[in-house]
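S.K.: Please read through the structure below; I'll follow up with questions.
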Amino acid sequence: MLPAIVIEKPPRLIRAIRLLPAHANADEAAGLADELAGITAMVAEKFTNDRTAEGIQRAQLLSVGCVSLGLEHLVKEEMEMRDDAQGDLEALDVLLGEGAEFVFQQGFRLIRDLAALPEDTLLGEFDSDPVYSARRLKELFVDICTADPGETWSGHERYLGQLKQRQDVQAIVRAAQWLRRHHWEGPVKDPDLNAEGVIALAIIFGIEGGGRIVARTGQKEFERFVQTVRKAKPDFDAGWAALLEQIPAPHQAIIADRIQSYRNSILLQNIAGKVPLKELFVELENYAGSEIDAEYP
């Protein structure tokens, strides 16, 4: 059996620095070194510890990764060309032309914007808390930008993966927020959001027909809904079509996808069947969670 081929992929900054002797003069190399030293000092002061050797070393790893992330963003190439010599040379041109500090800021902006995206479809008041936001930013910065100059670095790929994941979550959250704003009884104003729960309610109640948007419910409204469905026996697909007509284009794909997921669910079968209402309401809680209003006698 042939041995596996391991392709070395150091951080982009390191690959660009290796080209300095052949493509830059002494003054340019010295200027770049000074800039990188200044960036490391700033990172140590703000994110690690500028008073210990360990803190400065960790700051250096973060600086290498963040500048490399900025370079990956600024060097406009096809993905399959990102590892070739031409790409490294373009990265060096950016460093010498724009400056390492500019590149670092570009990389840090990517991390900051990523941290601002929702990580989960369950949102609460703490998500907008400044202290929590700062901690989340630092954790992402350390996770993605820590780059050992002598080892392969996959920070850019991990950044792209997290960006795609969080953008998908954001699409779900925005769809749920739209449903809340257009709830049939008036906008639902609650800092806590179970985005999947809101969407589930809209789809479940959508089978009644008429295109009415339900983003929050209680036990009495749910009982009325079940009795109506069992008596009228509506066409579920017609109800969902009417619901989708009310949904703006940017959110339709999310709602349509969830309709397919819930189409054959046990809950919908039981709503149309003879399962007792109390049992149905317990099942509904598994879908909607905190989006069900507590009702007291």
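For the sequence shown, my numbering puts the final residue at 383, and the numbers step up evenly by one. Each residue gets a CB set at the ideal place from its N, CA and C atoms; glycine is no exception.
Take every Cβ of the stretch 270-278, pair it with every Cβ of the stretch 360-370, and state whether three or more of those distances are shorter than 8 Å.
M.R.: no
S.K.: Tell me which residue opens and which closes the alpha helix (DSSP H) that LYS319 is part of.
M.R.: Taking the first residue of the sequence shown as position 1, residue 319 is located at position 233. Element bounds for LYS319: n/a, residue is neither H nor E.
S.K.: Expressed to the nearest angstrom, what Euclidean distance is found between the alpha-carbon atoms of HIS242 and ALA328?
M.R.: Taking the first residue of the sequence shown as 1, we reach residue 242 at position 156. Taking the first residue of the sequence shown as 1, we reach residue 328 at position 242. The straight-line gap from Cα to Cα measures roughly 43 Å.
S.K.: Could you say if the stretch 287-302 and the stretch 370-379 meet the contact criterion of at least three C-beta pairs nearer than 8 Å?
M.R.: yes
S.K.: According to DSSP, what are the bridge partners of ILE378?
M.R.: Residue 378 sits at position 292 when you count from the first residue of the sequence shown. ILE378 is bridged by DSSP to THR303.
S.K.: For ASN280, which residues does DSSP report across the bridge?
M.R.: As a first step, residue 280 must be located in the sequence shown, where it is residue number 194. Partner(s): LEU208.
S.K.: Output the distance between the C-alpha atoms of ASN356 and ALA261, rounded to the nearest integer angstrom.
M.R.: Indexing the sequence shown from 1 puts residue 356 at position 270. Indexing the sequence shown from 1 puts residue 261 at position 175. C-alpha separation (whole angstroms): 27 Å.
S.K.: GLY151 lies in the alpha helix (DSSP H); which residues open and close that run?
M.R.: What you label residue 151 is simply residue 65 of the sequence shown in a count that begins at 1. 139-160 is the span of the alpha helix (DSSP H), which, as asked, contains GLY151.
S.K.: Is it a yes or a no for the stretch 222-241 touching the stretch 153-161, going by three-plus beta-carbon pairs under 8 Å?
M.R.: Judged by Cβ distances under 8 Å, the stretch 222-241 makes contact with the stretch 153-161, as three or more pairs qualify.
S.K.: So, for LEU106: in the same chain, excluding its five sequence neighbours on each side, which residues have a beta-carbon less than 8 Å away from its beta-carbon?
M.R.: Your numbering for residue 106 matches position 20 in the sequence shown. Closer than 8 Å at the Cβ level, and outside the excluded window around LEU106, lie GLU114, ALA115, LEU118 and LEU178.
S.K.: By DSSP, does GLU271 sit in helix, in strand, or in coil?
M.R.: Here residue 271 refers to the residue found at position 185 of the sequence shown. In the structure shown, GLU271 sits in coil (DSSP, three-state: anything other than H, G, I, E or B).
S.K.: Looking only at its own chain, which residues have a Cβ that is under 7 Å from the Cβ of PRO320, when we skip the five neighbours before and after it?
M.R.: Here residue 320 refers to the residue found at position 234 of the sequence shown. Only ILE293, GLU294 and GLY295 meet the Cβ criterion.
S.K.: Can you give me the C-alpha to C-alpha distance between ALA358 and VAL189, rounded to a whole angstrom?
M.R.: Along the sequence shown, one-based indexing puts residue 358 at 272. Along the sequence shown, one-based indexing puts residue 189 at 103. Roughly 59 Å between the two C-alpha positions.
S.K.: Could you pull out every residue in the same chain whose Cβ sits closer than 6 Å to the Cβ of MET165, ignoring the five residues on either side in sequence?
M.R.: As a working mapping, residue 165 is identified with position 79 in the sequence shown. Unreliable positioning characterises MET165 in this predicted model, as indicated by a pLDDT of 47, which lies under 50. A coordinate reading is not provided.
S.K.: Work out the CA separation of PHE311 and GLY304 for me, nearest whole Å.
M.R.: What you label residue 304 is simply residue 218 of the sequence shown in a count that begins at 1. What you label residue 311 is simply residue 225 of the sequence shown in a count that begins at 1. About 11 Å.
S.K.: For the alpha helix (DSSP H) that contains VAL361, what are its first and last residues?
M.R.: Residue 361 sits at position 275 when you count from the first residue of the sequence shown. Counting along the chain, VAL361 falls outside any alpha helix (DSSP H), and DSSP gives it neither H nor E.
S.K.: Note the first and the last residue of the continuous alpha helix (DSSP H) segment covering LEU203.
M.R.: Sequence index remark: in the sequence shown, residue 203 carries index 117 (1-based). Per DSSP, LEU203 belongs to no alpha helix (DSSP H) and is neither H nor E.
S.K.: I need the boundaries of the alpha helix (DSSP H) containing GLU121, first residue and last residue.
M.R.: Translated into the one-based positions of the sequence shown, residue 121 becomes position 35. Secondary structure note for GLU121: its alpha helix (DSSP H) is the uninterrupted segment 112-133.
S.K.: Whose C-alpha, out of GLU131, ARG266, MET128 and VAL180, is nearest the C-alpha of ALA110?
M.R.: Within the sequence shown, the letter at position 24 stands for residue 110. Nearest of GLU131, ARG266, MET128 and VAL180 to ALA110, Cα basis: VAL180.
S.K.: Look up SER347 in the DSSP assignment and say whether it is helix, strand or coil.
M.R.: On the sequence shown, position 261 is the one that residue 347 refers to. Looking at SER347 - three-state DSSP - the assignment turns out to be helix.
S.K.: For a test of the three-state rule: what should DSSP assign to LEU105, helix, strand or coil?
M.R.: Counting from one through the sequence shown, the residue named residue 105 turns up at place 19. Here LEU105 sits in coil by DSSP.
S.K.: Just mark TRP270 as buried or exposed, buried being the case when its beta carbon has 16 or more other beta carbons within 10 Å.
M.R.: The residue you call residue 270 lines up with position 184 of the sequence shown. Classification of TRP270: exposed, given that the 10 Å Cβ count is below 16.
S.K.: Take GLY325 and list the residues in its own chain whose beta-carbon comes closer than 7 Å to its own, dropping the five residues that flank it on each side.
M.R.: In the sequence shown, the residue the question calls residue 325 occupies position 239. Excluding positions up to five away in sequence, the list reads GLY292, ILE293, GLU294 and GLY295.
S.K.: For the candidate residues PRO334, GLN251, MET128 and LEU366, whose alpha-carbon lies nearest to that of PRO204?
M.R.: Numbered from 1 along the sequence shown, position 118 holds the residue referred to as residue 204. Here the closest residue by C-alpha is GLN251.
S.K.: Using only the alpha-carbon positions, how far apart do GLU410 and GLN346 sit?
M.R.: Since the displayed the chain opens at 87 and closes at 383, residue 410 lies outside it and no answer follows.
S.K.: Counting along the chain, where does the alpha helix (DSSP H) carrying ILE230 start and finish?
M.R.: Stepping through the sequence shown from its first residue, residue 230 is reached at position 144. First-last of the alpha helix (DSSP H) with ILE230: 216-231.
S.K.: Identify, in the order they occur along the chain, each residue of the same chain with its Cβ nearer than 6 Å to the Cβ of SER149, setting aside the five sequence neighbours on each side.
M.R.: The residue you call residue 149 lines up with position 63 of the sequence shown. Excluding residues within five positions, the ones whose Cβ falls inside 6 Å are ILE125, THR126 and VAL129.
S.K.: Quick check on TRP264: does DSSP put it in helix, strand or coil?
M.R.: In the sequence shown, counting from the first residue as 1, residue 264 sits at position 178. The answer is helix: DSSP assigns TRP264 an H, G or I state.
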